[in-house]
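The next block holds one structure in the form of structure tokens; read it before the comments.
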Amino acid sequence: MDSSNDKDNIEAYSKLLEELKFEFSLIFQKCNMTGEAHNQLHNFLVPVKNIFKSLSSSELVKCQDSYDKLNTHLKEYKKYFKTII
Numbered sequence: 147m148d149s150s151n152d153k154d155n156i157e158a159y160s161k162l163l164e165e166l167k168f169e170f171s172l173i174f175q176k177c178n179m180t181g182e183a184h185n186q187l188h189n190f191l192v193p194v195k196n197i198f199k200s201l202s203s204s205e206l207v208k209c210q211d212s213y214d215k216l217n218t219h220l221k222e223y224k225k226y227f228k229t230i231i
């Protein structure tokens with residue numbers, strides 16, 4: 147989303163969803179993780195895929211709610227993976 151005005155624009159959610167699905171598919175295509183890291187990646191991404199379903203709604207309120215849920219979930223990334231510096 148380019149601006150806060152986009153949150154009130156149903157077409158912006160459609161565009162966002164298209165971009166997210168493309169990036170989502172790249173994650174799976176390029177995944178070279180194994181073992182527990184691979185399992186955690188799937189644990190992290192499954193809820194994202196489920197959020198996509200409601201993000202594609204024709205109802206603005208559902209899209210807004212899904213967008214908020216997606217942002218909340220993305221902030222939980224550190225629960226699944228360690229940041230190595």
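With the working numbering applied, the sequence shown covers 147 to 231.
We put the beta carbon where it would ideally sit given N, CA and C, even for glycine.
The structure displayed is predicted, hence computed values, not measured ones.
In the DSSP assignment, find the unbroken alpha helix (DSSP H) run with ILE230 in it and report its ends.
Against the sequence shown, residue 230 aligns to sequence position 84. Careful: ILE230 lies outside any alpha helix (DSSP H) and carries neither H nor E.
Answer yes or no: do LYS221 and PHE198 have a C-beta to C-beta separation smaller than 8 angstroms?
As a first step, residue 221 is located in the sequence shown; it is residue number 75 there, counting from the start. As a first step, residue 198 is located in the sequence shown; it is residue number 52 there, counting from the start. Their beta carbons are not under 8 angstroms apart, which means LYS221 does not touch PHE198 by this criterion.
How big is the Cα-Cα spacing for ASP211 and MET179?
Position 65 of the sequence shown, counting from 1, holds the residue named residue 211. Position 33 of the sequence shown, counting from 1, holds the residue named residue 179. Computed Cα separation, rounded: 31 angstroms.
Thinking just about the alpha-carbon of each residue, which of VAL192, LYS208, SER204 and SER202 is nearest to the one in TYR223?
The residue labelled residue 223 in the question sits at position 77 within the sequence shown. TYR223 has its Cα closest to that of VAL192, out of VAL192, LYS208, SER204 and SER202.
Give the DSSP-derived three-state secondary structure of CYS177 in the structure shown.
Residue 177 sits at position 31 when you count from the first residue of the sequence shown. Three-state DSSP puts CYS177 in coil, outside helix and strand.
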